[in-house]
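The sequence shown begins at 1277 in my numbering and counts up one residue at a time.
Note that CB positions come from ideal geometry on N, CA and C, so glycine has one too.
So the structure is just underneath, and the comments pick up after that.
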Amino acid sequence: MSSVKDIEVEFRHMRIGYPALYEIHDHFDRLRQSRRAAMEDPRGTKTEASCISIFWKSHAGKTTVLNWYVETRFPGPRSEEWPDMIDPELRVVVVTLDSGTNYLGFVKQLLKAFGCPFYLKGSRPWELLDRLHLYIAGKKTELIIFDETNNLRMRKATDDDATNMHNALRGIAKKQGCPIVLVGTEEAKERVFSDTQISSISLQLPLEPLKVNDPLFTEYCATLGLKLVEHGLFPKRSNFVQGYCIPCLHAASGGLRGRVSRLVERAADYARIEGADRVEIRHLEKATDSYAIPNGFVDINPFRVARISEEEARRRLLVDRAVSKAAAAKPPRKRANSDRDETSGC
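This is the structure:
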């Protein structure tokens, strides 16, 4: 086995905490606590559960938020038979939805996440849904997290798939009293929230892009440079706060931490190919061409603009210095007829 650490693998396991991330995890914990309190409540009326929605821009760091929560609340190896099952007791269930998920696929993926060995059997969604509710009630599930909700096939609010999936989500929260978390891109928000009953019980957790002068942005970039060494990817620390690096990283990422990490990951690939001992600004410039611009995060390469501007400023400075030096070395001009004037006697 090679001793060289894989860049992609190590980046998926990098963890850099920040206040908003911890707040989201606290929200998850409070939902679970409310669920436990509701299940212990002796009163007959069921408590309708709440919903949290995280609809962020692409590559903003949504999956990392979820993975970190799972790792800290349910550490340890996963089941080889059911690797997607994060908690054997099914207190928290995470469902990563497949592309083009229709209503039947939605219910089957839920059953699979609960470890149902017969999740592929059956073609009547309402029967599968009843089986799902038995799992939720029997396992006393505290939270169900739906990731990649942008993959739900909801063409419009009135089509059958959309109506049935909206009803299924409401049923989990209302009929079973189990809180849900909906995670996806901004495109999913309009589709999921076309059902006003879901939007009315949902606490939306937006992610505001960091400003270029925010110390949290600088801190994240600086820490990322240290993480490259900590994870054994490069022997020397990468300095992402030098020169024009911070404003250019901000421009290329829109101030989103997840995009900064993806950009640096791509730059790390270029540095590894080159045999460099750390990631340099020139690698970030190449990564912007191949990652940030094609994804539409930025139209022009800010690193290239800054580099050319800096090179031009340096060239002008050298020219000015050369002119000044030449002027200082030139002998003083003699005044015409100065000696003659001193000896003339008129």
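Report the rounded CA-to-CA distance for residue i versus residue j, giving the unit in angstroms.
i	j	result
Lys-1450	Trp-1344	28 Å
Arg-1591	Cys-1521	20 Å
Phe-1390	Met-1430	24 Å
Gly-1621	Lys-1606	At Gly-1621, the pLDDT of 48 sits below 50, so the modelled position is not reliable; the number obtained from the coordinates is stated separately. If I take the Cα positions, the gap works out to 33 Å.
Thr-1323	Leu-1458	20 Å
Ala-1582	Phe-1516	15 Å
Val-1574	Lys-1415	47 Å
Glu-1588	Ile-1300	46 Å
Glu-1316	Cys-1497	45 Å
Arg-1467	Thr-1461	11 Å
Leu-1428	Gly-1572	24 Å
Arg-1319	Ala-1313	11 Å
Asp-1596	Met-1290	47 Å
Leu-1342	Ser-1585	41 Å
Ile-1492	Leu-1500	It is Leu, not Ile, that sits at residue 1492 in the sequence shown. Between Leu-1492 and Leu-1500, the C-alpha separation is close to 12 Å.
Trp-1358	Tyr-1411	16 Å
Gly-1337	Gly-1447	29 Å
Phe-1469	Glu-1463	11 Å
His-1507	Gly-1352	20 Å
Thr-1377	Met-1441	10 Å
Arg-1400	Val-1280	50 Å
Ala-1563	Leu-1539	6 Å
Tyr-1298	Val-1285	23 Å
Asp-1565	Thr-1348	36 Å
Ala-1604	Pro-1570	51 Å
Gln-1309	Ser-1375	32 Å
Phe-1304	Ile-1292	19 Å
Ser-1600	Asp-1490	41 Å
Ser-1329	Gly-1551	43 Å
My assumption, with CB atoms under 8 Å, is that residue i sits in contact with residue j. Please give the rounded CB distance.
i	j	result
Ile-1576	Gly-1519	That pair is no contact at about 18 Å.
Asp-1437	Tyr-1379	5 Å
His-1346	Val-1370	The identity of residue 1346 in the sequence shown is Val, whereas the question assumes His. That belief holds up - the Cβ atoms of Val-1346 and Val-1370 are roughly 7 Å apart, short of 8 Å.
His-1335	Arg-1580	His-1335 to Arg-1580, Cβ: 21 Å. No contact.
Leu-1387	Arg-1367	Going by Cβ atoms, the distance from Leu-1387 to Arg-1367 rounds to 17 Å, so no, they are not a contact pair.
Cys-1327	Ile-1477	5 Å
Lys-1333	Leu-1481	Rounded, the Cβ-Cβ distance is 14 Å, inconsistent with contact.
Asp-1553	Pro-1511	5 Å
Are the beta-carbon atoms belonging to residue i and residue j less than 8 Å from one another?
i	j	result
Ala-1544	Pro-1578	no
Thr-1417	Cys-1392	no
Leu-1373	Thr-1425	yes
Leu-1509	Ile-1283	yes
Phe-1331	Lys-1465	yes
Arg-1311	Leu-1479	no
Asp-1360	Phe-1350	no
Val-1488	Ser-1514	no
Ala-1296	Leu-1593	no
Phe-1287	Glu-1541	yes
Tyr-1567	His-1559	no
Ala-1444	Leu-1396	no
Ala-1413	Gln-1473	no
For residue i, count neighbouring C-beta atoms within 10 Å of its own C-beta (all shown protein chains included) and say buried if the count is 16 or more, exposed if not.
i	result
Trp-1402	exposed
Ala-1602	exposed
Lys-1384	buried
Phe-1394	exposed
Ile-1549	exposed
Asp-1423	buried
Ser-1537	buried
When you compare the CB of residue i with every CB in chain B, is at least one pair closer than 8 Å?
i	result
Ala-1413	Included in the structure is just one protein chain, with no chain B present.
Relative to the ligand GTP, is the shortest distance from any of its heavy atoms to the C-beta of residue i smaller than 7 Å?
i	result
Leu-1342	Summarising the ligand content, the structure contains no ligands, and the ligand GTP is consequently not present.
Check: Which runs of the beta strand (DSSP E) fall wholly inside the region 1344-1420 and span at least 3 residues, in chain order?
Finding: 1368-1372
Margin query: Extract the residue ranges of the alpha helix (DSSP H) inside the region 1489-1524, only unbroken runs of 4 or more that lie entirely within it.
Written below: 1491-1506
Review point. Which ranges does the alpha helix (DSSP H) cover as unbroken runs of at least 4 residues, wholly within the region 1527-1605, from first to last along the chain?
Key: 1533-1550, 1557-1563 and 1578-1605
| field | Whole alpha helix (DSSP H) elements within the region 1416-1472, 4-residue minimum | value | 1436-1450 and 1462-1468
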